[in-house]
Each structure stands twice: as structure tokens, then as C-alpha cells.
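One structure below.
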Amino acid sequence: ILDEFKKDSSVFILGNTDRPDASAVHLHDFQRFLLHEQQESWAQDLSKVRERMTKFIDDTMRETAEPFLFVDEFLAYLFAKENSIWDEKYDSIDVQDMNNPLSHYWISSSHNTYLTGDQLRSESSTEAYIRCLRMGCRCIELDCWDGPDGKPIIYHGWTRTTKIKFDDVVQAIKDHAFVTSEYPVILSIEEHCSVEQQRHMAKVFKEVFGDQLLMKPVEASADQLPSPTQLKEKIIIKHKKLGPKGDIDVNLEEKKEEKKQQGELYMWDTIEQKWTRHYCAIADEKLSFSDDIEQSADEDSFKDLKQTELHLKEKWFHGKMKGGRTTAEKLLQEYCAEMGGKDGTFLVRESEAFPDDYTLSFWRSGRVQHCRIRSTSDGDTVKYYLTDNLTFDSIYDLIQHYKEAHLRCAEFELRLSDAVPNPSPHETKDWYYNNLSRGEAEDMLMRIPRDGAFLIRKRDEPDSFAMTFRAEGKVKHFRIQQEGRHFVLGTSAYFESLVELVTYYEKHPLYRKMKLRYPVTEELLKRYSTEKDINSLYEVRMYVEPSEITPTVPQRTVKALYDYRAKRSDELSFSRGALIHNVTKETGGWWKGDYGEKVQHYFPSNYVEDLSSDNSAELENQIIEDNPLGSLCRGILVLNTYNVVKMPQGKHKKPFVFILEPKNPEDPCVEFATDKVEELFEWYQSIREITWKTAEEENRRKYWEKNQLIAIELSDLVIYCKPTSKTKDNL
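Each residue of the sequence shown is one higher than the last, beginning at 1 in the UniProt record's numbering.
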């Protein structure tokens, strides 16, 4: 080392290196050494260089403004920890930090995983896969060869090793992949199968692994691999991918920026036999359309009731009550007996004796009292009042006022509190049928080919009703049970009336994405064809299971990552892997949920992972977020499944018409129209470009499939892991 400092090329010259105290390294020499030899940028600061030198000076007398090092001290510095090439930040690395890119880790792998012995004559077994996975192995090999009956086999090719079924191996992997470790498993495929048997492999992977199979990148535009944490409990396929060079995703090759189109189009309603206007947009090779614009406007105007009619939607309004005063007193007495008799409990009904007036009936001090709500006209304006000095524009405003302010009389004063609901408001609704059999209800629904069509009927059993509706093209039934004053749908949806139930599910999904939209009335049935849609009958089940009803309150399930033992009586105890249901997220790191016989007990949130039982809702939200129409989207047409055709003569009294003809002959055509010929041309061209490009890409994929002997379906499952061998095509 010291000989290097005798050369003329050295940043400084050391002489007499045989005598340690005969030669010295001075301050500026040391600085040049640090800057030019060591490439230490911090050495530009002379004070820091001086500070570093003094740490290696044995004689305090030399700790001056111009310190120097003897040769032995300089050598001590060269081999000191302060001059180590090792970056000290890596001294404290957490070996359990699994949030770095997957390529940063050593992956425990297995070669010829299926073998139980040597590579020439030993047994192949699914037990070998199970053993490897349970030992923590995260990359296993499948040597796949064509087998009988169109299904691959696994063995060491061209040897006398025994053969096992590909399907059995995949099932074994599914059952044992994440017993020992939750981190991803890579299936390294050594491919020797024909294209047809590769299709079977892709089919089995999807069917057996389901959601565990990684089928798309975790992040669409990431510049590095995802972490093991992001890939927990995922199966990753390693296989060659189709492309011009065998390693390019054909789907991504030569992608051109897609032309987007949006605006208003007319769509032909085959049932109502009329054109309806919709917002439409093309993006991602799909055409999205909104609800009928006129219908949406009608619904909005219906929701925006006149101020004088707001009371019609309130549960405390009973309309014209049969039995009048007597019935009102009975309802109040029964309600108060059940609910505790709170003063101010009330209902409003139309007056029997005075047309245009109303009666307020309420509970006070253990008995029912009645007040007349008077009305007075001043030209076109009607006012309502209980006392002459305070009038209101509507019944609704009057009731809202006396909920907040005291109603004062000579004998008492009170505020209105609980509303007594109308026990049978459904009997006046045209969607309710008091005497209708199950078969008759099905017959009616089969004539209305619209998801969201519905009716409610009385069942033969006491206090029991049924909702018959259409969803996903099928006729289904929900049982509704009356328990006291509540109507219960399924096991967790409680409503005070059938009207409230219908109103709620007109705004919220009842079954998957379906909302109640079309009451099946006699008038509606007359408008539709008498031809029945026999294919719309449900499966063998008589009624939809309660668990399939969309809950009125979102429910959540979590999975325990570690064991936990309760330290208090209001906490849960559970083992790793336990499922905790109906979870509510509290603040402070503690959540509440149901496990075993304990309901809504506390547990630490960092001991669990969220399984997101509302994945469908999140997926729907993601679809809405990605859709150009957002929450207005009513339907989506995948354009590459249609051919677009212009109608030169127009159709249905519209001159500018184009039709989407499905490639599947069983699907219906979709007819569109525009107001201008220029608009027709723009929409037609946009759709034609997409369908042409899709056909071109499909032909190109088939070409590469034929030439490279890789099935499209299997290639599509290759996301992150591809072999890079240049000498072995069938790796």
C-alpha cells in the first residue's frame, strides 16, 4: 500500500516509509487524498478533514490548526471503520421487511419438484409438491407433457420416471400453497405440451386458483416489480409469452392512442317500440350508455315533490283513515304499548268532518288526544295552522315546526316526537297484490323483460309476503316476514312498512347491482307482449337465500394474521386464520366484530387483514371511476363482440341509423340513431376502427400462436415472470 505513495502519480509523496515517524501526511495532502483517491465529496470542507485527522493522532500536541499524520496513523485510518466501503445504513436492515420489489429477494426454489428420487427411474408424486410448499418453497417446477384424453401429465421427459396428472398437481398446489407462508408462489412451467393441451392448462389454472391467480399487474404503470406483501396469497405463472420475439406482450405491441367519442345517441327500445335518448361514450373499446334522459328527468321531477305535497312521503301521514278517530286511537295505543308510550308520539290523517283539513292525533299522559289542523285560502295560496297566530305553507312545515318547538295549549305544552307509521300503506300501491299465486306472479314477470321489474304479493302463511322480481335476466323471489310492526327482508333488513322497503331498494341495490325500477302493474302488462320468456325462470331454489340480499348496512370480514388472547372481558380471543365478521372500524387501533359466540367485541386491528366482503361494491366503484360516464352509466357494450352496419335508408322514422350486429347469433342487435349525418359518420368510424383493430390483433395473436406453439390463453396468464433462455425455446 505504501509503495503506491512513492509513485509520481500519487496525490502526495511519502518517503522513508520504513521509519513510521520519518514521513508525515499533512492536512492539505490528506484532503487531496480524500477528494481524488477516495472520491469523498464531504472533504471539500477543510474543517471536516481536520476533524477526521485528529481522531487518528496519538499525540494531542499535534492537534493544531495544521495537524499531520505519521505513516502508521495514516495506515490505521485506511483500515479503520470510518474508511470502510460498507454503507452503515445496511447494518440495521430488517430481514422481515417484505415491502421491497420482488426481485430484491432470494426466492426459495425447487427444481424437478415432482420427483421423489433420482431423475431417471424414481417416482413422481403430488406429495413432493405438498412437501416443498409446506417447507416454505415459493417457486416450484412443473414439467408438462401431452397426456391422454387431452389433459397434460407431469414427469421427467424421456426417462422412466412415473407420470402424474397435471390436474392433480394443480389441486395439490391450491390446497397447500399458503399453509406455511402467505407470500406468492411462482409456478415455473417447463412446457412440452401442444397448444390444445396448453389451453386446458390455462382453463385449469383459472378454475382451481380462482382469485388467487395473478391475471393482471398489481400496478398498471409501475417501473418495478410489486413487493411480496402486495402479492400475498397470489399464484404467479412463469411461462413464455406470445410475441414477435417470444418475449413481448402482443396486447401491448404497437398500441395506438384510442380515439374517444361521446355525446347523445338515440337507442331503439324493442319493448316500448320507441327511440329513447341516452348519453353515450366510447373508451377502452367499450360503448357505455346512460339511462334514458327523459326518464331520468321524469324521476328527478317526481322526487322533487311540491312543497305542499311533501307530507305524502312521510310515514306519519296516514291519508284517509278507515275508521277515523277510533282507528287512530287504536294505532297510537298499540304503538305506545310496544314502544313505551313517549309523550308526543303522533300521526296525521285527513279530517272526516272537514274537507281539506287534517287531524293531528297524539299521545299525552297515557291517553290519545286530537287537534284539528285547519286550512285557509288566500287566492291561490293555502295556509295551515293549529293556532290563528301561526300559519304554515304546508302540512310538512307545520309538523316539522312542532317537532322542534312546543305545541302550547291552555292545559299543556309538548313537542311532537315519534311518528306512528301507517301499518298498511302498501294496500293502496299498484305493485301490491293481495291475492296472487306464485305461478301467476312468475307469469307476469316473464312478460316484462327488464331487470328491476317487481311486485309484492301476500303469501298463504300468516304475516308473510313475497317479492317477485327480475335480476340478471332471471325471475327470483324474496320472502318478507312481518314481525310485530316491522317487515324483515332476509335476516338483517328491517323496515317499518313495505312502502319504505320498496322506496329504499329503488335507491339502493337489492340483489347484486339490481335496484327496483319497474312496478309490475296492470297498465304495464297491457303495454308488453303476452309472449312469455320461459328462459327467465330461476334455478331450482324456491327463494333467494338471505345472505344474497345486499345488506342495508355494509358488512366487513377480516382474517386473523396472528393468535390473540383477550386481556379484558370485552375483547375477542382468536387463532391465526380465524374469520371475524360484521367488523366496524373504531379509532385508536381497536376494531369491533363477531367471532364465535361473542358479538361486537374488541380486537387489535394490526392483528388482522381486511378481506373486504364488499369487494363487489369496491369493484363496482372502480368500474364507475374508470367509466367515462361515471355513476350515470347504465350499461356497457363490448364493441369487439359486434359488427357495425350503417342503414342507408334509416329505420323507425329516423334517417341516420347504425346497428351493432352481435357476432353471437343468440344476442340481440342494438340500434342507434343520430340527429345529423355528420354525427352518424363520426360514431360509425370510431366503432369501425375499434372492431377492425381488434380483428387485426386477434389474427396476429393466432399467427404467433401457430408459429411459437404457445396458447393465447396461457400467454395471457404470464404477468411478471418469463424465461430468458436464448438456447432452449421450449423452456
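Note that CB positions come from ideal geometry on N, CA and C, so glycine has one too.
Whole angstroms are fine: how far does the CA of residue j sit from the CA of residue i?
i: P421; j: A410; result: 29 angstroms
i: W275; j: S464; result: 41 angstroms
i: P215; j: V718; result: Note that residue 215 is Met in the sequence shown, not Pro. Cα-Cα distance, rounded: 7 angstroms.
i: H508; j: S221; result: 34 angstroms
i: C280; j: Y433; result: 38 angstroms
i: F495; j: K458; result: 17 angstroms
i: E713; j: K702; result: 11 angstroms
i: D418; j: E314; result: 12 angstroms
i: residue 754; j: C139; result: Because the chain is modelled from 1 through 731, residue 754 falls outside the range shown and cannot be assessed.
i: R32; j: Q39; result: 10 angstroms
i: R199; j: L639; result: 25 angstroms
i: I293; j: E264; result: 9 angstroms
i: V657; j: A283; result: 21 angstroms
i: P152; j: Y684; result: 45 angstroms
i: D72; j: H104; result: 41 angstroms
i: F574; j: Y528; result: 57 angstroms
i: G341; j: N606; result: 45 angstroms
i: F392; j: H370; result: 19 angstroms
i: F469; j: L142; result: 48 angstroms
i: S497; j: E207; result: 44 angstroms
i: V677; j: V645; result: 14 angstroms
i: I130; j: T161; result: 19 angstroms
i: P723; j: H192; result: 14 angstroms
i: C669; j: L637; result: 11 angstroms
i: W86; j: H36; result: 19 angstroms
i: G323; j: L525; result: 34 angstroms
Tell me the residue span of the alpha helix (DSSP H) that contains residue i.
i: C371; result: Counting along the chain, C371 falls outside any alpha helix (DSSP H), though it belongs to the beta strand (DSSP E) covering R367 to D378.
i: G324; result: G324 to M339
i: L637; result: Looking at the DSSP string, L637 is not in any alpha helix (DSSP H); the run it does join, the beta strand (DSSP E), is C633 to V638.
i: G439; result: R438 to L445
i: I189; result: First-last for I189: V185 to E191, but that is the beta strand (DSSP E), not the alpha helix (DSSP H).
i: F354; result: Note, F354: premise wrong, no alpha helix (DSSP H); not H, not E.
i: D167; result: F166 to H176
i: M53; result: L46 to T54
i: R199; result: V195 to F209
i: F30; result: L27 to R32
With a threshold of 16 other CB atoms inside 10 Å of the CB of residue i, please say whether the residue is buried or exposed.
i: T359; result: buried
i: K89; result: exposed
i: T428; result: exposed
i: G635; result: exposed
i: W704; result: buried
i: S227; result: buried
i: I154; result: buried
i: S290; result: buried
i: M339; result: exposed
i: Q261; result: buried
i: residue 736; result: Any question about residue 736 goes unanswered here, given that the chain covers just 1 to 731.
i: W145; result: buried
i: S47; result: exposed
i: L572; result: buried
i: D29; result: buried
i: T113; result: buried
i: P184; result: buried
i: T126; result: buried
i: residue 751; result: Given that the chain is displayed from residue 1 to residue 731, the structure contains no residue 751 and the question cannot be resolved.
i: M61; result: exposed
i: P217; result: exposed
i: F362; result: buried
i: P462; result: exposed
i: K653; result: exposed
Which residues bound the beta strand (DSSP E) around residue i?
i: C132; result: Segment T126 to R134 is the alpha helix (DSSP H) holding C132; no beta strand (DSSP E) there.
i: R232; result: Looking at the sequence shown, residue 232 is not Arg but Lys. Note, K232: premise wrong, no beta strand (DSSP E); not H, not E.
i: S290; result: K286 to S290
i: L386; result: T381 to T387
i: I580; result: L579 to K585
i: H401; result: Note, H401: premise wrong, no beta strand (DSSP E); alpha helix (DSSP H) at I395 to E404.
i: L629; result: Looking at the DSSP string, L629 is not in any beta strand (DSSP E), and its letter there is neither H nor E.
- Message: Under 8 angstroms: do the region 133-140 and the region 169-180 share three or more Cβ pairs, one atom per stretch?
- Response: They touch, by the three-pair rule.
- Item | Any 3 or more C-beta pairs closer than 8 angstroms across the region 333-342 and the region 374-384 | Counting Cβ pairs under 8 angstroms, fewer than three are found: no touch.
- Query: Would you call the region 513-523 and the region 431-451 in contact, with 3 or more CB pairs under 8 angstroms?
  - Reply: In short, these stretches touch, since the Cβ pair count reaches three.
- Message: Counting beta carbon pairs with one atom in the region 338-355 and one in the region 308-325, are three or more of them shorter than 8 angstroms?
- Response: Contact between the region 308-325 and the region 338-355 is established, with three or more Cβ pairs separated by less than 8 angstroms.
- Where are the beta strand (DSSP E) runs, 3 residues long or more, that stay fully inside the region 437-511, in chain order? Within the region 437-511, the complete beta strand (DSSP E) runs of at least 3 residues are 453-458, 464-471, 474-483, 486-489 and 493-495.
- Task: Scan the region 637-724 and note each continuous beta strand (DSSP E) run of 3 residues or more that stays entirely inside, going in chain order.
- Result: For the region 637-724, whole beta strand (DSSP E) runs of length 3 or above, ordered along the chain, are 642-647, 656-662, 670-674 and 718-721.
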